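So the structure is just underneath, and the comments pick up after that.
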Amino acid sequence: MLTTVADGIWVHQSPVLQNNSVVIQGRDGVLVVDPGITRDEMACLAGDIRGLGQTVVAGFATHPHWDHVLWIDELGDAPRHGTVACAEALREQMSDPDWRTKEAEDLPPEIADDVPMDLYGLITALPSGADRVPWDGPEVQIIEHSAHERGHASLLVDRVLVAGDMLSDILMPFPSPAAADPLGDYRAGLQMLEDVADQVDRVVPGHGSVGSDVRARIELDRAYVDALQGGTRPDDPRIGPDTTYGQDWVPGIYEWHRAQFGPAS
Numbered sequence: 171m172l173t174t175v176a177d178g179i180w181v182h183q184s185p186v187l188q189n190n191s192v193v194i195q196g197r198d199g200v201l202v203v204d205p206g207i208t209r210d211e212m213a214c215l216a217g218d219i220r221g222l223g224q225t226v227v228a229g230f231a232t233h234p235h236w237d238h239v240l241w242i243d244e245l246g247d248a249p250r251h252g253t254v255a256c257a258e259a260l261r262e263q264m265s266d267p268d269w270r271t272k273e274a275e276d277l278p279p280e281i282a283d284d285v286p287m288d289l290y291g292l293i294t295a296l297p298s299g300a301d302r303v304p305w306d307g308p309e310v311q312i313i314e315h316s317a318h319e320r321g322h323a324s325l326l327v328d329r330v331l332v333a334g335d336m337l338s339d340i341l342m343p344f345p346s347p348a349a350a351d352p353l354g355d356y357r358a359g360l361q362m363l364e365d366v367a368d369q370v371d372r373v374v375p376g377h378g379s380v381g382s383d384v385r386a387r388i389e390l391d392r393a394y395v396d397a398l399q400g401g402t403r404p405d406d407p408r409i410g411p412d413t414t415y416g417q418d419w420v421p422g423i424y425e426w427h428r429a430q431f432g433p434a435s
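Sequence positions in the sequence shown follow the numbering used here and run 171 to 435.
Right, here's the structure in full:
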């Protein structure tokens with residue numbers, strides 16, 4: 171089901187990981203950002219778009235993780251965009267003959283057989299340094315950074331920030347362990363989002379609830395990163411005993427973050 175975020179902007183949320191697919195109205199069709207994540211959910215998304223009387227004219231992947239680079243035939247054969255680094259990361263991954271087997275190991279086991287992989291990762295790189303999505307709809311600004319993963323891009327359109335895998339109300343920051351300076355990169359990405367915060371009325375995270383509290387979410391994410399670096403436990407409701415999401419696995423991720431990114435790492 172599509173939920174309205176702003177005039178001409180909708181979100182379709184997966185119940186599994188609370189992934190948010192974003193649909194943006196253009197002149198001749200819609201732009202779809204990060205569609206996911208099971209076959210049935212994506213078929214529902216495609217059906218909802220048809221129900222609007224629209225076709226998909228463009229796609230965009232905010233970053234090269236499995237749950238953000240999916241596609242199905244029902245969405246059509248529109249160009250699917252991403253940053254240069256996003257497209258490069260996917261090409262590197264898919265050059266491995268065993269990439270499907272390795273990627274399957276990262277899928278939640280309860281949905282592993284329901285994730286469509288035939289059109290996985292077919293992202294075309296935008297020109298290096300591109301700061302706008304090329305399409306016939308409202309201006310979509312690309313804010314590229316490496317906070318969560320190389321080639322990550324948040325999008326700003328009509329006072330809505332499509333944050334990618336940042337600013338979630340249910341998941342703490344996930345810095346990239348492959349980065350030379352994971353926490354520094356994360357802080358830099360948060361600063362880029364803070365720089366446009368005055369232009370934002372609504373924020374759509376990759377996972378979790380749409381909100382109007384963009385600055386509070388930035389500060390909560392920044393406090394988490396600072397606590398990791400300082401070796402202290404953050405006062406963060408997403409990892410506290412009263413959290414309502416991921417109680418069986420989110421605390422373990424936090425402990426892994428402490429070991430990976432803390433002062434003794």
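Note that CB positions come from ideal geometry on N, CA and C, so glycine has one too. Remember, it's a predicted structure, so these values are computed and weren't measured experimentally.
- Around Leu-245, the same chain offers Ala-216, Val-226 as residues with beta carbons nearer than 6 Å, after the five sequence neighbours per side are excluded.
- Excluding five sequence positions before and after Gly-334, the CB atoms of its chain that fall closer than 7 Å to its own CB belong to Thr-232, His-233, His-318, His-322, Ala-323, Ser-324, Gly-376, given in chain order.
- Here the C-alpha atom of Leu-172 lies approximately 43 Å from the C-alpha atom of Pro-433.
- Rounded to whole angstroms, the separation of the alpha carbons of Asp-391 and Leu-360 is 8 Å.
- Restricting attention to beta strand (DSSP E) runs no shorter than 3 residues, the segment 178–232 encloses them at 179–183, 190–195, 200–203, 226–230, ordered along the chain.
- When rounded, the separation of the alpha-carbon atoms in Leu-187 and Pro-297 is 31 Å.
- As for any alpha helix (DSSP H) of minimum length 4 sitting wholly inside the segment 350–381, the runs are 352–365, ordered along the chain.
- Note on geometry: alpha-carbon atoms of His-315 and Arg-372 lie some 20 Å from one another.
- CA-to-CA, the gap between Asp-284 and Phe-230 works out to about 22 Å.
- If you ignore the 5 residues before and after Gln-195, its C-beta comes within less than 6 Å of the C-beta of Gly-178, all in its own chain and listed in chain order.
- With fewer than 16 other CB atoms across the displayed protein chains lying within 10 angstroms of its CB, Trp-426 is exposed.
- Closest in alpha carbon position to Leu-277, among Gln-430, Gln-183, Asp-198, Leu-240, is Leu-240.
- A direct Cα-to-Cα measurement between Asp-418 and Met-264 gives close to 31 Å.
- Contact between the segment 257–274 and the segment 394–410 is absent: fewer than three C-beta pairs spanning the two stretches fall below 8 Å.
- Between Gly-354 and the set Leu-398, Asp-368, Gly-378, the nearest pair of CA atoms involves Leu-398.
- Ala-295 is bridged by DSSP to Gly-252.
- Annotated as distal: Arg-320 and Ala-248, with beta-carbon spacing of 8 Å or more.
- In the DSSP assignment, Leu-245 falls outside any beta strand (DSSP E), carrying neither H nor E.
- Annotation for Ala-176: no alpha helix (DSSP H) segment contains it, though the beta strand (DSSP E) segment containing it runs 172–176.
- The residue among Pro-347, Ile-313, Leu-337, Leu-341 with its C-alpha nearest the C-alpha of Val-366 is Ile-313.
- No residue range can be given for Glu-309, since it is assigned to no beta strand (DSSP E) and is classified by DSSP as neither H nor E.
- Excluding sequence positions up to five before and after Tyr-424, its CB lies within less than 7 Å of the CB of Met-342, Ile-409, all in the same chain and listed in chain order.
- The DSSP-derived three-state label of Leu-277 is coil.
- Here the alpha carbon of Val-193 sits roughly 5 Å from the alpha carbon of Val-202.
- Beyond the five residues adjoining it in sequence on each side, Ala-295 comes within less than 6 Å, by CB distance, of Val-254, Ala-257 in the same chain, given in chain order.
- For Gly-400, the uninterrupted alpha helix (DSSP H) segment begins and ends at 384–400.
- In summary, Leu-222 is exposed, with fewer than 16 beta-carbon neighbours lying within 10 Å of its beta-carbon over all protein chains present.
- Membership of Gly-410 in any beta strand (DSSP E) is not indicated, and neither H nor E is assigned to it by DSSP.
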